[in-house]
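Residue numbers (the working numbering): 160 to 534. We put the beta carbon where it would ideally sit given N, CA and C, even for glycine. For reference, the structure discussed in these notes is given below.
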Ligand SMILES: Cc1cc2nc3c(=O)[nH]c(=O)nc-3n(C[C@H](O)[C@H](O)[C@H](O)COP(=O)(O)O)c2cc1C
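If you want it as structure tokens, here you go:
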């Protein structure tokens with residue numbers, strides 16, 4: 160067996176083998192709602208809710224979020240600021256911090272879902288584009304209305320925060336129910352984005368596959384990209400709090416694994432379409448940080464709603480990480496008559512099996528608390 164075949168098998172083992180319970184990756188994933196300190200200080204309750212936010216997906220598992228909390232436990236008033244952590248943006252793949260801001264949007268939407276579930280009165284303000292890396296402010300005040308109880312669907316989605324994973328393994332060939340893909344589109348729209356779902360017979364799939372392949376070739380020939388990818392990814396089985404496991408290591412960004420007679424390896428060519436029960440492109444009207452935050456909220460809601468019905472997802476970053484390919488993906492969408500404009504995330508969705516969680520930095524590593532005057 161050649162070294163590359165061996166490495167493919169290890170990649171495969173990464174999603175079929177459960178890690179031992181003492182794996183540090185499991186820590187933040189073991190959060191239990193019944194441990195919520197309902198009678199505790201406000202700062203303690205906010206920290207608990209952040210335990211859900213940090214489970215959001217992020218490009219290369221970079222977890223590029225920073226939270227700053229100013230809180231007066233006596234009056235129960237507080238403000239939590241969300242910032243993009245530029246030091247954690249994989250700049251070769253994401254020079255503008257677009258995908259990193261999408262990741263922050265996913266964390267913010269997960270946080271607000273948790274705050275509503277935990278019935279903590281709060282109000283979210285997205286900061287105007289141009290506020291630098293300050294993205295949003297969440298205010299806490301007992302004078303604010305108590306959040307409405309979550310609808311049953313949202314409760315299930317909340318229960319899935321700790322069960323969602325990126326699944327880069329083979330998916331069952333069976334199609335997704337149309338009611339489910341319709342629901343994904345509705346949820347994306349309600350978050351201010353549009354999800355274009357491409358069923359197996361959709362002619363736009365061929366164009367997407369071509370762009371994924373072109374992106375893969377360009378990226379694996381770019382030493383800066385290869386070096387950055389290697390720095391952000393882990394060998395399977397190893398654990399580190401701030402990097403991605405389950406991603407194929409250099410030279411290329413792994414799409415997903417297929418099982419073939421000649422072994423397990425990354426999907427290529429027609430396999431990319433064959434192994435994707437649904438291919439989807441998440442798009443927004445504009446292309447500014449506010450749009451990216453909305454895309455992140457839409458993304459995580461689609462992923463959580465999918466997980467409720469045992470639907471898993473993985474990403475096709477290649478066409479979005481090269482500006483020239485992203486522009487062509489935009490043309491593909493527009494040529495097909497879609498009103499949606501800017502492609503933000505490309506995904507595959509389908510039924511599949513369990514995979515182990517990726518490591519996370521814990522709340523203490525991403526939260527600063529200070530006693531300055533509240534704004
Ligand atoms: C905006 C964004 C882009 C991503 N792009 C890719 C990608 O191109 N390839 C990939 O395998 N995973 C991609 N991911 C998935 C992350 O690698 C994954 O979320 C991270 O490793 C954490 O793992 P988890 O989702 O299982 O919690 C992306 C995630 C986000 C939010």
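| field | Contact under 7 Å by Cβ, residue 471 with residue 434 | value | no
| said: So within the segment 188-235, which uninterrupted alpha helix (DSSP H) runs reach at least 4 residues, ignoring any that extend past its ends? | reply: List check, alpha helix (DSSP H) in window: 201-212.
| Delimiting residues of the beta strand (DSSP E) encompassing residue 508 | 501-510
| Reduced DSSP secondary structure (H/G/I, E/B, other) of residue 422 | strand
| Are the segment 258-266 and the segment 458-471 in contact at 8 Å, needing three or more beta carbon pairs? | yes
| Where does residue 330 fall in DSSP's three states? | coil
| request: For residue 409, name the three-state secondary structure that DSSP assigns. | output: Residue placement at residue 409 is poorly supported in this model, since its pLDDT is 43, which falls under 50; the coordinates still yield a value, given next. Coil at residue 409, not helix or strand.
| task | Starting from residue 238, follow its DSSP beta bridges and name the residues at the other end. | result | 229, 298
| query | Any idea what DSSP makes of residue 439, helix, strand or coil? | reply | strand
| said: Per DSSP, what are the beta-bridge partners of residue 528 in this structure? | reply: 228
| So is the beta-carbon of residue 442 under 6 Å away from any non-hydrogen atom of ligand 1? | No, the Cβ of residue 442 stays beyond 6 Å of every heavy atom of ligand 1.
| said: My output table needs one value for residue 543: the three-state DSSP class, helix, strand or coil. | reply: The structure shown does not extend to residue 543, since the chain is modelled only from 160 through 534, so no value can be given for it.
| field | Three-way DSSP call (helix, strand, coil) for residue 447 in this model | value | coil
| request: Starting from the Cα of residue 247, find the closest Cα among 237, 234, 220, 235 and give me that residue. | output: 220
| From 198, 345, 454, 423, residue whose alpha carbon lies closest to that of residue 505 | 454
| query | On the three-pair Cβ rule with 8 Å, is the segment 301-308 touching the segment 237-251? | reply | no
| Hey, is the segment 266-286 in contact with the segment 312-331, meaning 3+ C-beta pairs nearer than 8 Å? | yes
| query | Is it right to say residue 359 is buried, meaning 16 or more other beta carbons lie within 10 angstroms of its own, or is it exposed? | reply | Its Cβ having fewer than 16 others within 10 Å, residue 359 is exposed.
| What residues in its chain sit with their C-beta under 7 Å from that of residue 410, if we drop five residues either side in the sequence? | Note on residue 410: pLDDT 48, under 50, position unreliable in the model; the coordinate value appears next. Correct list, in chain order: 379, 385.
| Since residue 282 sits in a beta bridge, which residues does DSSP pair it with? | Answer is 298, bridged to residue 282.
| request: Report the partner residues of residue 293 according to the DSSP bridge assignment. | output: Under DSSP, residue 293 takes part in a beta bridge, and its partners are 242.
| said: What would DSSP say about residue 353, mapped onto helix, strand or coil? | reply: strand
| message | Are the CB atoms of residue 208 and residue 277 within a distance shorter than 7 Å? | response | For residue 277 and residue 208, yes; Cβs fall inside 7 Å.
| Per-residue DSSP class, three states only, for residue 517 | In the structure shown, residue 517 sits in coil (DSSP, three-state: anything other than H, G, I, E or B).
| Apart from the five residues on each side of it in sequence, which residues of its chain come closer than 6 Å, Cβ to Cβ, to residue 507? | 435, 438, 473
| field | Environment of residue 222 [buried if 16+ CB atoms lie within 10 Å] | value | buried
| field | Secondary structure of residue 474, DSSP reduced to three states | value | It is a strand residue.
| said: Restricting to Cα atoms, I'd like to know which of 441, 500, 192, 228 is closest to residue 211. | reply: 192
| query | Which residues in the same chain as residue 497 place their Cβ atom closer than 8 Å to its Cβ, once the five residues preceding and following it in sequence are excluded? | reply | 353, 355, 442
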